[in-house]
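For reference, the structure is listed below as structure tokens.
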Amino acid sequence: MLVPLDMVRAGEWAEVEEVSGQADWVGRLAELGIRRGCRVRVMQPGSTCLLTVAGCKLCLRGCDGAQILVRPIGAAG
Amino acid sequence: MLTVALVGNPNAGKSTLFNALSGLRQRIGNYPGVTVEMKKGQFTTDGVTLDLIDLPGTYSLAARSPDEMVAVDLLLGRRPEEPRPSVVLSIVDATNLDRHLYLTSQLLDLGVPVVVAVNMIDAAAAQGLKFDYAKLAAALGVPVVPIQANNGTGLAALTAAIRAAADQPAPHGLTFPTAFDEVAEQLRKELSDEVPPFLLRRALIDIGGYTEQWLVERHGDRFKVALVGAREKLAAAGHSVPGVEARTRFAWVRTAVAAAVTKPAVRPVTGSDRIDHILTHRVWGTLVFLVVMFLMFQSIFLWAKPLMDLIGSGQDAVAKGVQSQLPSGPLRALLVDGIIKGVGSVLVFLPQIMILFGFIAVLEDCGYMARAAFLMDRVMSRCGLSGKSFIPMLSSVACAVPGIMAARVIENRRDRLATILVAPLMSCSARLPVYILLIGAFIARPGSPGWLPGLVLFAMYMIGFTVAPLVALALKRTLLRGAPPVFVMELPSYRRPKIGSILRRMGGAGWSFTRRAGTIILAAMVIVWALLYFPHTDANGESYPDRIETAEDTAKEKAPRLKELNDKEDATDEEKVELEALEDAGALPDKLNGEWKRGSALGRTGLWMEPVFKPLGWDWKIGVAAMASFPAREVIVGTFGLLYDVGEVDTKAIGNAKADDDAKEKAAGLTRAVQDDWSKDPVRGKYGVPVALSIMVFFALCCQCAATLAVIKRETKSWAWPAFTFVYMTALAYVGAFLTFQVGRLVVG
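From first to last, the protein sequence lines are chains A and B.
Heads up: the first sequence is residues 51 to 127, going by our numbering.
Heads up: the second sequence is residues 95 to 843, going by our numbering.
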């Protein structure tokens, strides 16, 4: 099941399936580790969310220009 | 001599390494046409001088703006003002090699020797990470040196590695899929002149990036068609851009890290995680944030006070010294009223600026600022901005100049402009004297409730806090229209701030404030003074200053007799006539002063413009004071002093309980003089409160600060934006003051 990133619950892990939108933002997000196949953990959900990506904390608010679809893997530790 | 470019992600510890290597031998390099500033330093090791250039922190070399392109051009040796770097020093964070080596992999394509400095090895060891640096160097194909920049560990080995690398050939770049190389080669043939292969590849990968825009501009639509065709070919071959770059580079990084780094099975919960649990919490985090903000403003106020008083008394001493040494005349008046007061009114704000910068440096260095921006993003996104706009707007409550400079962290050009344009609406510290003078004169009257003055002052600050987001929203809907950008920001691990770097930033801020703003305000003060001083002779050619001095001397001589007659209860008619004459003589200096100011260049302009001020409830004096305050809004208090004929007025003494009695008397005198003057007038006598409120609203909304306009010009590289800010804020202020007075008149009437 694919869901937008802001639908993932707190503490849940998810695998990024698709990042679409303006090419420059897709590129910028890929550099920060948000790209197809990467695992992220949602620390705080919401429109402005807090993520752990590759051992790093990022805060992120997507928009029409960049949509992130993920596949939740379920809560972990 | 070797030139070394220092490149790394934000938060990799780049500035710490730069300061550790170059010490105090630093300067700032500016580049025409862009806002980028690069720090340059120099150090000598074993008789070889190394020039170090600190490039802005970046996650990749994919340039999206002219600002980002400067760094790429510099690395390729395409900036005429800098030689091509002999060695590129790539600094990476040991605790996050996966991410940081991405940029390193791009640096390997530049065709310049690269040295990798693995920083923060202490934190990595604490997390249980183990490194084999020899294997890492072998996997990356370039020298690797472990360092701990904040205590100097490994710096000697690093400089040795840099010197050795300068004589070595450049590393081979990464191997991209064959299809990619073929397409890039075909694209090269489309171009008539030589373009570095690095840039050509960037143009191919970075869709809509700066390199593409630049090449299309130079080679026309034919190149654009070829570029689109090349990308389609790559997509057909299963290597669509920009994905092909991320896949290729991260695969390479993964192999290198797997060979050289042993990670613990479970990522330990770090101290940063535990702190973040509270500081980014929606409720607790917001609460902590409010407390931090309160403490910050409170300490700026408390700590700056003694220093401001010190500068103030120093300024008074200098003024008195000059006054006693020079004969009266235009020169003395210029030195005392124009120059010493002009410089003084600027320097008084220096402690505030430096303390504010110190606070911001501490909050940024320890990593808290990113958390605050995260918390505020929810609010800021409602007015079309993002959390990154919050820091500049907050700083502007102290002073808009550092606030506008702080907007540099915003990558999106439209957001950055919107933030810069609304930052001056926040009520800065220079508005405080105006508010306090007028609230003291017209709101805090006997019989009014005690909470009223505080409420009015609070309301003045709220004007900024509500109008700024509304204007930002209006700008984002019209002039700066565009989709709300993605807000993405790394939250760095918490770190102990370094005293040295904080003091350096405070000193730098203080110096640039004194130099830039000081020159502008100084010049403006001299001009305002001159416009109020000249012409200084009356119709008969007699000098006003001389006549006032003579009149003052006469009044002083007759003072005992005046008091005697005043005290006498059963005065004869003769004595009553004498008393009247004496009172007239006593009032003569003020009368002459008023006549002089009315006849001065600024006074005449004010009288001519009186119809403009009338709808606001103002007379020509208020209008002149407001106009004189356009270079710097503090000027209004001094100008009121000159116009309402009470002589010297000490701005600092107003509302200051500890000011010496003499100064306080003068200040109280100004409050009384304004009250007296207005009570004689039919409009201002009846509508004193609405007029006072209309002045305050005008000052709250108006852009009366030459330094702010100058810094907007500097940051936007255009005169159009400061002009726009000036026009919209002045219009807003006029409308605001007009509505305040008219509504107030209805309420009072």
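The beta-carbon is built from N, C-alpha and C at its ideal position, and this holds for glycine as well.
Nothing here was measured: the structure is a model prediction, and the numbers come from that model.
Residue-level contact to chain A via CB, residue i, 8 angstroms cutoff
i: L309 of chain B; result: no
i: P584 of chain B; result: One point to set straight first is that residue 584 of chain B is Glu, not Pro, in the sequence displayed. Output row for E584 of chain B: interface = yes.
i: I301 of chain B; result: yes
i: K746 of chain B; result: Unreliable placement is indicated for K746 of chain B, whose pLDDT of 42 sits below 50; the coordinate value is still reported in the next sentence. Not closer than 8 angstroms to any Cβ of chain A, the Cβ of K746 of chain B fails to qualify, so no.
i: A264 of chain B; result: no
i: T844 of chain B; result: Because chain B spans 95 through 843 in this model, residue 844 of chain B falls outside it and cannot be assessed.
i: D275 of chain B; result: no
i: S154 of chain B; result: yes
i: L192 of chain B; result: First, the amino acid is wrong: residue 192 of chain B is Asp here, not Leu. Yes, D192 of chain B counts as interfacial toward chain A.
i: S480 of chain B; result: yes
i: S521 of chain B; result: no
i: T198 of chain B; result: no
i: R510 of chain B; result: no
i: P336 of chain B; result: yes
i: S773 of chain B; result: no
i: F137 of chain B; result: no
i: T374 of chain B; result: yes
i: V580 of chain B; result: yes
i: R158 of chain B; result: yes
Counterpart residues of residue i in DSSP-defined beta bridges
i: C109 of chain A; result: A:L100, B:M583
i: Q136 of chain B; result: B:D145
i: L100 of chain B; result: B:D148, B:L183
i: N213 of chain B; result: B:D187
i: Q117 of chain A; result: A:S70
i: S637 of chain B; result: B:T631
i: K224 of chain B; result: B:T356
i: Q120 of chain B; result: B:G135
i: E134 of chain A; result: No answer is possible for residue 134 of chain A: it lies beyond the span of chain A, which begins at 51 and ends at 127.
i: A726 of chain B; result: B:C799
i: P54 of chain A; result: A:L119
i: T247 of chain B; result: B:Q242
i: V208 of chain B; result: B:V182
Delimiting residues of the beta strand (DSSP E) encompassing residue i
i: V785 of chain B; result: Note, V785 of chain B: premise wrong, no beta strand (DSSP E); alpha helix (DSSP H) at 782-795.
i: A233 of chain B; result: That residue, A233 of chain B, is in no beta strand (DSSP E); its alpha helix (DSSP H) goes 227-234.
i: P240 of chain B; result: 238-240
i: G558 of chain B; result: Unbroken run through G558 of chain B is the alpha helix (DSSP H), 546-571; no beta strand (DSSP E).
i: M93 of chain A; result: 89-94
8 angstroms Cβ cutoff, residue i in contact with chain B
i: R89 of chain A; result: no
i: R111 of chain A; result: yes
i: R121 of chain A; result: no
i: A126 of chain A; result: Residue placement at A126 of chain A is poorly supported in this model, since its pLDDT is 45, which falls under 50; the coordinates are not used for a value here.
Delimiting residues of the alpha helix (DSSP H) encompassing residue i
i: G693 of chain B; result: 667-693
i: F832 of chain B; result: 814-842
i: E505 of chain B; result: Where E505 of chain B is concerned, there is no enclosing alpha helix (DSSP H), given that its DSSP letter is neither H nor E.
i: D370 of chain B; result: 365-373
i: N113 of chain B; result: 108-116
i: Y304 of chain B; result: 304-313
i: F451 of chain B; result: 444-459
i: R296 of chain B; result: 291-299
i: K283 of chain B; result: 272-284
i: E704 of chain B; result: 704-707
i: S606 of chain B; result: 593-606
i: G872 of chain B; result: Missing from the structure shown is residue 872 of chain B; chain B here goes from 95 to 843 and no further.
i: D775 of chain B; result: Here D775 of chain B belongs to no alpha helix (DSSP H), and DSSP marks it neither H nor E.
i: S64 of chain B; result: Nothing can be reported for residue 64 of chain B: it is not among the residues displayed for chain B, which extend from 95 to 843.
i: I530 of chain B; result: 526-532
i: I498 of chain B; result: 494-499
Give, in chain order, every residue of the segment 56-82 of chain A whose Cβ lies closer than 9 angstroms to some Cβ of chain B.
Listed by position along the chain: G71, Q72, A73, D74, W75, V76, G77, R78, L79, A80, E81, L82.
Compile a chain-ordered list of the residues in the segment 91-109 of chain A whose CB is closer than 7 angstroms to at least one CB of chain B.
Cβ contacts with chain B: Q94, T98, L100, A104, G105, C106, K107, L108, C109.
Taking contact to mean at least 3 C-beta pairs separated by less than 8 angstroms, is the segment 269-284 of chain B in contact with the segment 141-154 of chain B?
With fewer than three CB-CB distances shorter than 8 angstroms, the segment 269-284 of chain B does not count as touching the segment 141-154 of chain B.
Below 8 angstroms, how does it come out for the segment 480-489 of chain B and the segment 575-583 of chain B: are there three or more Cβ pairs, yes or no?
Segments in contact, yes.
Check each residue of the segment 817-837 of chain B: if its Cβ is closer than 7 angstroms to any Cβ of chain A, include it; give the result in chain order.
Of all residues in the segment 817-837 of chain B, none has a Cβ within less than 7 angstroms of some Cβ in chain A.
Is it the case that the segment 384-398 of chain B contacts the segment 409-416 of chain B, given that we only count it when at least three CB pairs across the two stretches are under 8 angstroms?
Judged by Cβ distances under 8 angstroms, the segment 409-416 of chain B makes no contact with the segment 384-398 of chain B, as fewer than three pairs qualify.
Inter-stretch contact at 8 angstroms, needing at least 3 Cβ pairs: the segment 180-189 of chain B / the segment 314-333 of chain B:
No, they do not touch.
Taking any Cβ of chain A, which residues in the segment 466-477 of chain B have a Cβ under 7 angstroms from it, in chain order?
Hits within the stretch, in order: F468, D471, R472, S475.
Any 3 or more C-beta pairs closer than 8 angstroms across the segment 560-574 of chain B and the segment 515-524 of chain B
Contact holds: three or more Cβ-Cβ distances are below 8 angstroms.
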